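Participant: To start, I am sharing the structure in question, which I have written as structure tokens.
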Amino acid sequence: MVAAPGTAKSLAVRWIAEQLGGRYFEYLLGRFTEPNEIFGPVGLRRLREGVVEIETAGMLPEAEIAFLDEVFLGSTAILNTLLGLLNERVFRRGATVPAAPLRVCVGAANHVPQELSLAAFADRFLARVFVDPVADARLEELLEEGDTLTTSGPV
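The end of the sequence shown is residue 623 by our numbering, with every number in the run present.
What follows is the structure, encoded as structure tokens:
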């Protein structure tokens, strides 16, 4: 989902996720987001045994529906791990290689990246929805009607 800041991308995704049901994961990515914030931390018990295993409970690898806000701001480590998760529905990290139950992953951004290094990652999102902000002339109507508003043309 591509739109300018303030166009309610997050609200729309949360509403759709609620309608679909299932385990939901959401995260706002930034340049300094660590992979363990998305995929889960290294299991310390297993690490003491010399095995790198990720504890994925409540994290993206166990989600059925995911929303990654500012998806193109993730680090190379995050985006490379996401490639396999989005394309093959498998999470690979150390000794952890479970099949992922992911049904839908929505990435949100303010613009489509132009960098060639992000092209392979951007292609993993099969549909691109460009969202325009609500026109100033209809903003008051939207505020009055809320989610009962039906559109009969451009909003």
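Where a beta carbon is used, it is the ideal one built from N, C-alpha and C, also for glycine.
It should be emphasised that the depicted structure is a prediction, and the values quoted were computed from it without experimental measurement.
Assign Leu550 to buried or exposed, taking buried as 16 or more other Cβ atoms, counted over all protein chains shown, within 10 Å of its Cβ.
Facilitator: Label assigned to Leu550: buried.
Participant: Mind checking Val574: buried by the 16 CB within 10 Å criterion, or exposed?
Facilitator: With 16 or more other Cβ atoms within 10 Å, it is buried.
Participant: I need the straight-line Cα distance from Thr544 to Arg596, nearest angstrom please.
Facilitator: Distance between the alpha carbons of Thr544 and Arg596: 22 Å.
Participant: How would you label Leu553, buried or exposed, when you count the other beta carbons within 10 angstroms and need 16 or more for buried?
Facilitator: So Leu553 ends up on the buried side.
Participant: Of the choices Phe535, Gln582 and Asn555, whose alpha-carbon is the least far from that of Arg491?
Facilitator: With distances taken between Cα atoms, Arg491 lies closest to Phe535.
Participant: Near Arg560, which residues of its chain fall below 7 Å by C-beta distance, leaving aside the five closest residues on each side in sequence?
Facilitator: Answer for Arg560: Gly552, listed in chain order.
Participant: Do you know how far the Cα of Phe540 is from the Cα of Leu497?
Facilitator: Looking at the two C-alpha atoms, the distance is approximately 8 Å.
Participant: Three-state secondary structure (DSSP) at Arg499?
Facilitator: The answer is coil: DSSP assigns Arg499 none of H, G, I, E or B.
Participant: Sort out for me which residues DSSP pairs Leu598 with in a bridge.
Facilitator: Here residue 598 is Phe; the residue named in the question, Leu, does not match the sequence. DSSP output for Phe598 lists Val470 as bridge partner(s).
Participant: To the nearest angstrom, report how far apart Val481 and Glu583 are at their CA atoms.
Facilitator: Going from the Cα of Val481 to the Cα of Glu583 covers about 26 Å.
Participant: Between Val580, Thr524, Glu502 and Arg571, which has its C-alpha nearest Asp431's C-alpha?
Facilitator: As shown, the chain starts at 469 and ends at 623. That puts residue 431 outside it, with no answer to give.
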